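Numbering (our numbering), first residue to last: 880 to 1210.
Below is one structure, written out as structure tokens, with a few remarks after it.
Okay, here's the thing in structure tokens:
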């Protein structure tokens, strides 16, 4: 039996994206697949009064179970009210790759879906995206499409090479598919190792500095589809303090590097109204867990290491909302 997102208290992305584009900020899209991640996201966004997109990948659905995730999203809405401030919450499918997956998510309470046809030919991408849009819009669900390919690895998404979005295609793609937002490729990348050392320079401290985002492509896209909601995937900044903590306590994360936060701040002031952050959260949680395990090897109560991990994640996301995305106070 199909479940509408409206029964769960969720919203689609249409209104919050329009406000974000007009207001020069971006909505945080945080991936989750367990209780602690969901708690941290809701606490951080309620305390900063930020709208939020709860993102679920295909891999997360397989890991956590679709029914449990749907009810966790419903719980997130009620938890926010319990914490004292009602914020808009979207439940979004990240990197859906088939019509069947998108349809199943829509019938299971998702208020937004992404259909990523970027691995197909341009015409096949249009056909697949249009099919998803027609079904989704019949259920008042919003759809994100993708043009261009991001390199890197994240859950079920794997691409060895990136290809930048071609500005000359965006107007035609948006018009023919009817998508509500568009994910573009301007130099972001999936995972915690977004760039090879050869692609980077090093600063005075020997820290890798990644190549800058292609803001010229973003600006050209904005000219062609003014005011249209743009999405950035693979936008974790890979905080070096968390990488250092992981390595200090037995990890082996060599040359991990992400997107500088000042570049994300600049993007958020443009038509980029949704910024996806996943790896940063994984790093924050893993660093906290490794620290507890190393300092208290006798500990075996999951609450004693998942609790600090949740607290670290909450702190990270509050920082992102306030200082990077500009979404604090916009709920």
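Glycine is no exception: its CB is placed at the ideal position from the N, C-alpha and C atoms.
The structure presented is a predicted model; accordingly, all values stated were derived computationally and were not measured.
query, result
"Among 994, 999, 1002, the one whose alpha carbon lies nearest that of residue 1020", "994"
"Residue from 1178, 1173, 1164 whose Cα sits closest to the Cα of residue 1190", "1164"
"CB of residue 1159 within 9 Å of CB of residue 1195, strictly", "yes"
"Other residues of its chain near residue 953: CB distance less than 7 Å, five sequence neighbours each side excluded", "887, 888"
"Residue 1142 CB to nearest heavy atom of the ligand ADP below 8 Å", "As for the ligand ADP, it is missing from this structure, which has no ligand bound."
"Beta-carbon gap between residue 1060 and residue 1107 smaller than 9 Å", "yes"
"CB-CB length for residue 1050 against residue 1103, believed under 8 Å", "5 Å"
"Bounding residues of the beta strand (DSSP E) (the contiguous stretch that carries residue 1125)", "Element bounds for residue 1125: not the beta strand (DSSP E) but the alpha helix (DSSP H), 1119-1127."
"Residue 1170 versus residue 1124 - alpha carbon distance", "7 Å"
"CB contact flag (residue 1136, residue 1162, <9 Å)", "no"
"Inter-residue Cα distance where the pair is residue 1077 and residue 1109", "29 Å"
"Spatial distance of residue 1032 from residue 1183 (CA atoms)", "The predicted position of residue 1032 is uncertain, since its pLDDT is 47 and thus under 50; no value can be drawn from it."
"Secondary structure of residue 830, DSSP reduced to three states", "This structure cannot settle anything about residue 830, because the visible part of the chain is limited to 880 through 1210."
"Nearest residue (CA-CA) to residue 1056, options 1014, 1018, 1095", "1014"
"Extent of the continuous beta strand (DSSP E) run through residue 1023", "1021-1026"
"Expected contact under 8 Å - CB spacing of residue 945 and residue 987 to nearest Å", "5 Å"
"Where residue 1180 sits in the DSSP three-state scheme", "coil"
"Paired residues, beta bridge with residue 968 - DSSP", "931"
"Exposure of residue 884, with buried meaning 16 or more beta-carbon neighbours within 10 Å", "buried"
"Contact check, residue 930 vs residue 969, beta carbons under 9 Å", "yes"
"Candidates 891, 897, 919, 1058, of which the one nearest residue 989 by Cα", "891"
"Residue nearest to residue 1112 in terms of C-alpha spacing, selected from 1026, 963, 1007, 918", "1026"
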